[in-house]
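Each residue of the sequence shown is one higher than the one before, starting from 9 at the first, in my numbering.
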Amino acid sequence: MSSARGLSASVAMSILDRLQQNPKVLIKNPAEVQRKIRQIILDGYNKLLVISDFDYTLSRYRDDKNEKCLTTHAIFDVCTAQKSPALAKKLQDLAKKYRDDKNEKCLTTHAIFDVCTAQKSPALAKKLQDLAKKYLPIEFDPHMSMEEKTPYMDDWWRISHKYIVEEKFTLEDIEGFVAKAKILLRDAAVEFVRSVEAHNVPLILFSAGIGNIIEIILKRNLGHVPATLHLISNMMGFDENNVCASFSEPLIHTFCKNSSVITGERPFFHHVRNRSNVILLGDSLGDVAMDVGIESEGTALKIGYLNFNFEQLMEKYLEVYDIVLVDNQSMEVPLEIFRFCGFVHSQSETHLNDYFNADVITEKTQTTDDELVSSPAANVIA
9 MSSARGLSAS VAMSILDRLQ QNPKVLIKNP AEVQRKIRQI ILDGYNKLLV ISDFDYTLSR
69 YRDDKNEKCL TTHAIFDVCT AQKSPALAKK LQDLAKKYRD DKNEKCLTTH AIFDVCTAQK
129 SPALAKKLQD LAKKYLPIEF DPHMSMEEKT PYMDDWWRIS HKYIVEEKFT LEDIEGFVAK
189 AKILLRDAAV EFVRSVEAHN VPLILFSAGI GNIIEIILKR NLGHVPATLH LISNMMGFDE
249 NNVCASFSEP LIHTFCKNSS VITGERPFFH HVRNRSNVIL LGDSLGDVAM DVGIESEGTA
309 LKIGYLNFNF EQLMEKYLEV YDIVLVDNQS MEVPLEIFRF CGFVHSQSET HLNDYFNADV
369 ITEKTQTTDD ELVSSPAANV IA
């Protein structure tokens, strides 16, 4: 055990050194980050839980051409325009009021509907885009508290869902919107999800987006929805004709993404109560609370993606996230940390020193993942 403690401390130090050499990584308290990584590595996969947002966390904020990518809600803003011009217009109008030029291209998780419905329903696309223009600046306003923002987020999500239901889209329509949408997973996101699944670690995907769309995207990129994944999101309900007739309750928006307010999820969180360590991934200030309500939480390492408004939001993100990834379109940092979590317990005491070098650990743990999950990784436009 002493060898394991010493090795976990050495590897945590090595990981921290590598992180601090990365210009896109900011850490306010290096000693605390090192302590958390050391504890998570020492406890191993059996004590670990991964909680992640989807839009602009697992998915990219921009592509290699520096063009903005979509979110799951934005599909409706754009792709409905031809089918329902009125809905597109309403959704765009709803977002316009509080949105400034700097946030002009920043869409919400409903953005698939904002963007990809433009041909099918231009009015819907316009309405959803206007909603985003109105409410997105509020969501990321550094001068407003979460409590002050919450009523606006309630309005934004409820009105958007109402507009979408009114259009009576079929499941086939939704799948068509997703096929057209430019939603890209971050570099190494597929490898990250496959690695989490391979080591039988629960992955809670806590999304204020639209869960049905997330499932479609995961199937397109991984070939299936991982067995270890637990999706908590806004789910579309379909009638006997496969027409969207409702959205699930309670409503999940940016500032109510935790098990303490989603009472229906408490049995699941009770089931994983023995997993006391958490790696949390998010891109908004509201995402940092996704672990609230977890029973017997021990060590929580919180990694935040800062995608825009860097100067205005930097200090806020550094206050609440242990590690801040600035304008970073990759999952390599969380993937590297995750892959180190199990090697201490998987190797015999006599071979622990062979894994001191972080590059060796990466190579060997990647080989293990490849053996556990044989299908090739892919990253396709959803």
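A virtual CB, placed ideally from N, CA and C, is assigned to each residue, including glycine.
query, result
"Nearest-angstrom Cα separation, counted from P342 out to L193", "14 Å"
"Residues near I23 in its chain [Cβ-Cβ closer than 6 Å; skip 5 each side]", "I45"
"Beta-carbon proximity check, A63 vs T80, cutoff 8 Å", "Residue identity check: residue 63 is Asp in the sequence provided, not Ala. Contact: yes."
"First and last residue of the uninterrupted alpha helix (DSSP H) at G219", "219-230"
"Burial state of A297 (16 or more Cβ within 10 Å)", "buried"
"Residues bridged to F121 [DSSP beta-bridge criterion]", "A82"
"Endpoints, alpha helix (DSSP H) assigned at M322", "318-328"
"Counterpart residues of R26 in DSSP-defined beta bridges", "Answer by DSSP bridge pairing: none, since R26 is not bridged."
"Endpoints, beta strand (DSSP E) assigned at F255", "252-255"
"Cβ-Cβ distance between N242 and S254 below 8 Å", "no"
"Cβ-Cβ separation, I260 to V186 (assumed contact under 8 Å), whole Å", "So it is not a contact: roughly 19 Å between Cβ atoms."
"Three CB pairs or more closer than 8 Å across the stretch 150-164 and the stretch 220-232", "no"
"Three-state class that DSSP yields for I191 in the structure shown", "coil"
"Buried versus exposed, by CB contacts within 10 Å (16 or more), V300", "exposed"
"Those residues which DSSP pairs with L333 across a bridge", "V33, Y313"
"Beta-carbon proximity list for M21, same chain, < 7 Å, skipping 5 on both sides", "Q42"
"For N266, three-class secondary structure by DSSP", "coil"
"Straight-line gap, R347 to V33 (C-alpha atoms, nearest Å)", "19 Å"
"Segment contact, 8 Å Cβ cut-off, at least three pairs: the stretch 193-211 with the stretch 156-172", "no"
"Spatially closest choice to V334 from E344, A308, I59, S292, by CA coordinates", "S292"
"Alpha-carbon spacing of K176 relative to P31, whole angstroms", "47 Å"
"Through-space distance from N336 to D25, alpha-carbon basis", "18 Å"
"Limits of the unbroken beta strand (DSSP E) element including I59", "56-60"
"CA-to-CA distance, V280 to I212, given in whole angstroms", "11 Å"
"Coil, strand or helix - M154 by DSSP", "helix"
"DSSP three-state assignment for L259, whether helix, strand or coil", "coil"
"Reduced DSSP category for H353 - H, G, I as helix; E, B as strand; rest coil", "helix"
"F246: first and last residue of the uninterrupted beta strand (DSSP E) it sits in", "244-246"
"Contacting residues, own chain, Cβ-Cβ under 8 Å from P93 (five flanking each side not counted)", "S129, P130, A131, L132, A133, K134"
"Host beta strand (DSSP E) of I287 (start-end)", "285-290"
"Beta-carbon proximity list for K227, same chain, < 8 Å, skipping 5 on both sides", "V233"
"C-beta atoms of N285 and L27 nearer than 8 Å", "no"
"Neighbour-count burial assignment, K141, 16 or more Cβ in a 10 Å radius", "buried"
"Pairwise C-alpha distance: V209 and H238", "11 Å"
"Y69 versus A189 - alpha carbon distance", "13 Å"
"Distance between G217 and L78 (C-alpha atoms, nearest Å)", "12 Å"
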